[in-house]
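Here is the structure we will look at, set down as structure tokens.
Chains as they are written, first to last, in my numbering: chain A, 1 to 106; chain B, 107 to 595.
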């Protein structure tokens, strides 16, 4: 009887990235708290990072790994801007629900 | 070999001078502006306009050298004539927006610096020849846009617009980036030229094909959000209505020009081999965008919201040119890219001029249709110019709008795509009604306050200059079309 050795392949990581990405995308669509929606976007970006590193490993090419740093910097900048906007809005309001932000509709 | 030696790529600094001029403007505004007492009214916006004007002039001087595309920074940037047209359109829009922002009450230090930051990001995007550089440019522009949308802290709708733009923009960026990851995984490169080479030279095995297709689809979703194609347009009306009007003008002009230019470059220069796979999707979205944008615009009660849907409809028109350009086996496919370039240049001027007129009538905040009532009596100069601009947006002959719409429809017909041309023209007919509705308010209704309203010099100049440019290009389109003919990617 031979032991089954599970060797992780690139596909495993791509599946992981896709699952994380879908969880993030679903979260943005169904959650109503801007902070949680924002965290879900960060989850999507980090899912992409997993995919980039997996591809870089398979191709033996450092480009994909360096892209991750760009994504991290961009995500950090997004945090700064996003939290700034949320704080600016919440100073005027008491609750943080996206449904309350419904003055604009046509 | 000495491992410590780093040889950087050679950079032709003259060709990146437009970017340097824009960054210099930001540095002057932020460093000098924040260390000195408040400048006189109009100076902040003036510095922004000066920097953007310099950038546009510098970009235009590279026109002769860019007959053949010039690669920069180890091929991650490329300067070609299409990029120059887009950079000039960005710079011109930024100048016009800076000029109108002062009278609209948003000409402060932060707003002016953010305008330039958005222009920098946009310029990087249109000259990017690498998906990662494209992404960094996209984020630079988008982050500036989010803050511009939320910049009016006295109005709750402005903050709401900023948050909505931010959440959906970040969502779209994540899709775009996942697409980049898949394309990178299947081709091993993020450089547009290298991607095209590897896709065309190799016989794609089944799994690689699936990866490329998934990547293409995700990239397209990201772009579709940014240029607001139906059904990814839902953020557009809310953001355009809530943002201060000069910021709206920036999103509608620079945002659209940059998004479309980058979309064209990515799909036509990196993924032409796959055009049979992505063309049907683009076709359907173009048709849906033209019609849905026009129909929804008609029923709006806010002028800015109406113009937002009208910009959605324009985006569909521009995609008609992309569909034509992608039929590379047709001899007339070369008409597509020049038609799109002409449309972008004309559209950016039209939309900024129209929104400048709205800002004069309604201020920087919400602009219910009634705010335009009787503009023909209170500010006839603005009303006449706005009429010209609205007729041009509707595509009436002898205006630049006709030249633009004719170009894309001619490209569609010449490549044998009669169905899309007919759908686009039907959309234009519906859209004509909405522009007429705005004009009826201006000319036939009684103003709330019948006294003449003085027009600030800056607003007046912007509106009249845009209208004059519209008429000149409409009556004598030859020079513009000749310059753009033969443009390719």
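Glycine residues also receive a C-beta, built at the ideal position from the N, C-alpha and C atoms.
Other residues of its chain near residue i: CB distance less than 8 Å, five sequence neighbours each side excluded
{"i": "residue 194 of chain B", "result": "162, 165, 166, 451"}
{"i": "residue 135 of chain B", "result": "150, 153, 154, 215, 218, 219, 222"}
{"i": "residue 180 of chain B", "result": "115"}
{"i": "residue 582 of chain B", "result": "none"}
{"i": "residue 126 of chain B", "result": "119"}
{"i": "residue 2 of chain A", "result": "none"}
{"i": "residue 556 of chain B", "result": "480, 483, 484"}
Through-space distance from residue j to residue i, alpha-carbon basis
{"i": "residue 82 of chain A", "j": "residue 253 of chain B", "result": "9 Å"}
{"i": "residue 85 of chain A", "j": "residue 93 of chain A", "result": "13 Å"}
{"i": "residue 331 of chain B", "j": "residue 587 of chain B", "result": "30 Å"}
{"i": "residue 591 of chain B", "j": "residue 441 of chain B", "result": "8 Å"}
{"i": "residue 312 of chain B", "j": "residue 319 of chain B", "result": "The predicted position of residue 312 of chain B is uncertain, since its pLDDT is 45 and thus under 50; no value can be drawn from it."}
{"i": "residue 573 of chain B", "j": "residue 27 of chain A", "result": "46 Å"}
{"i": "residue 552 of chain B", "j": "residue 546 of chain B", "result": "11 Å"}
{"i": "residue 456 of chain B", "j": "residue 187 of chain B", "result": "22 Å"}
{"i": "residue 123 of chain B", "j": "residue 204 of chain B", "result": "20 Å"}
{"i": "residue 570 of chain B", "j": "residue 128 of chain B", "result": "26 Å"}
{"i": "residue 107 of chain A", "j": "residue 379 of chain B", "result": "The displayed coordinates of chain A run from 1 to 106. Any statement about residue 107 of chain A would go beyond what the structure contains."}
{"i": "residue 48 of chain B", "j": "residue 536 of chain B", "result": "Within the shown structure, residues of chain B are numbered from 107 to 595, placing residue 48 of chain B beyond reach of any answer."}
{"i": "residue 396 of chain B", "j": "residue 340 of chain B", "result": "15 Å"}
{"i": "residue 388 of chain B", "j": "residue 333 of chain B", "result": "13 Å"}
{"i": "residue 567 of chain B", "j": "residue 439 of chain B", "result": "39 Å"}
{"i": "residue 49 of chain A", "j": "residue 37 of chain A", "result": "19 Å"}
{"i": "residue 593 of chain B", "j": "residue 172 of chain B", "result": "11 Å"}
{"i": "residue 565 of chain B", "j": "residue 410 of chain B", "result": "17 Å"}
{"i": "residue 213 of chain B", "j": "residue 548 of chain B", "result": "27 Å"}
{"i": "residue 425 of chain B", "j": "residue 209 of chain B", "result": "34 Å"}
{"i": "residue 178 of chain B", "j": "residue 159 of chain B", "result": "23 Å"}
{"i": "residue 137 of chain B", "j": "residue 145 of chain B", "result": "13 Å"}
Three-way DSSP call (helix, strand, coil) for residue i in this model
{"i": "residue 594 of chain B", "result": "coil"}
{"i": "residue 234 of chain B", "result": "strand"}
{"i": "residue 297 of chain B", "result": "strand"}
{"i": "residue 185 of chain B", "result": "strand"}
{"i": "residue 34 of chain A", "result": "helix"}
{"i": "residue 324 of chain B", "result": "helix"}
{"i": "residue 387 of chain B", "result": "helix"}
{"i": "residue 570 of chain B", "result": "helix"}
{"i": "residue 340 of chain B", "result": "coil"}
{"i": "residue 177 of chain B", "result": "strand"}
{"i": "residue 408 of chain B", "result": "strand"}
{"i": "residue 474 of chain B", "result": "strand"}
{"i": "residue 311 of chain B", "result": "Reliability of the predicted coordinates at residue 311 of chain B is poor, the pLDDT of 49 falling under 50, and the value obtained from them is presented with this limitation in mind. Residue state, collapsed to three classes: coil."}
{"i": "residue 552 of chain B", "result": "coil"}
CB contact flag (residue i, residue j, <7 Å)
{"i": "residue 77 of chain A", "j": "residue 221 of chain B", "result": "no"}
{"i": "residue 150 of chain B", "j": "residue 218 of chain B", "result": "yes"}
{"i": "residue 233 of chain B", "j": "residue 183 of chain B", "result": "yes"}
{"i": "residue 359 of chain B", "j": "residue 199 of chain B", "result": "yes"}
{"i": "residue 301 of chain B", "j": "residue 295 of chain B", "result": "yes"}
{"i": "residue 533 of chain B", "j": "residue 394 of chain B", "result": "no"}
{"i": "residue 576 of chain B", "j": "residue 506 of chain B", "result": "yes"}
{"i": "residue 264 of chain B", "j": "residue 348 of chain B", "result": "yes"}
{"i": "residue 350 of chain B", "j": "residue 470 of chain B", "result": "yes"}
{"i": "residue 474 of chain B", "j": "residue 408 of chain B", "result": "yes"}
{"i": "residue 176 of chain B", "j": "residue 190 of chain B", "result": "no"}
{"i": "residue 368 of chain B", "j": "residue 231 of chain B", "result": "yes"}
{"i": "residue 559 of chain B", "j": "residue 491 of chain B", "result": "no"}
{"i": "residue 488 of chain B", "j": "residue 465 of chain B", "result": "no"}
{"i": "residue 75 of chain A", "j": "residue 287 of chain B", "result": "no"}
{"i": "residue 68 of chain A", "j": "residue 238 of chain B", "result": "no"}
{"i": "residue 157 of chain B", "j": "residue 139 of chain B", "result": "no"}
Nonlocal neighbours in the same chain, by C-beta distance under 6 Å from residue i, ignoring five residues either side
{"i": "residue 445 of chain B", "result": "427, 513, 514, 517"}
{"i": "residue 467 of chain B", "result": "477, 478, 481"}
{"i": "residue 21 of chain A", "result": "44, 47"}
Supposed close pair residue i, residue j - CB separation, criterion 8 Å
{"i": "residue 447 of chain B", "j": "residue 523 of chain B", "result": "Going by Cβ atoms, the distance from residue 447 of chain B to residue 523 of chain B rounds to 19 Å, so no, they are not a contact pair."}
{"i": "residue 55 of chain A", "j": "residue 291 of chain B", "result": "4 Å"}
{"i": "residue 324 of chain B", "j": "residue 372 of chain B", "result": "With 8 Å as the limit, residue 324 of chain B and residue 372 of chain B do not qualify as a contact, their Cβ atoms being about 12 Å apart."}
{"i": "residue 375 of chain B", "j": "residue 595 of chain B", "result": "5 Å"}
{"i": "residue 414 of chain B", "j": "residue 206 of chain B", "result": "Not really, about 17 Å apart at Cβ, beyond 8 Å."}
{"i": "residue 247 of chain B", "j": "residue 364 of chain B", "result": "6 Å"}
{"i": "residue 526 of chain B", "j": "residue 580 of chain B", "result": "Incorrect: roughly 24 Å between the Cβ atoms, too far for contact."}
Close-in-space but distant-in-sequence residues of the same chain around residue i (CB under 7 Å, 5 per side omitted)
{"i": "residue 24 of chain A", "result": "40, 41, 43, 44, 47"}
{"i": "residue 538 of chain B", "result": "500"}
{"i": "residue 496 of chain B", "result": "460, 541, 544, 545"}
{"i": "residue 402 of chain B", "result": "415"}
{"i": "residue 71 of chain A", "result": "45, 48, 49"}
Distance cut-off 6 Å: residue i Cβ against heavy atoms of the ligand SAH
{"i": "residue 486 of chain B", "result": "Judged by which ligands are present, the structure shown has none, so any question about the ligand SAH falls away."}
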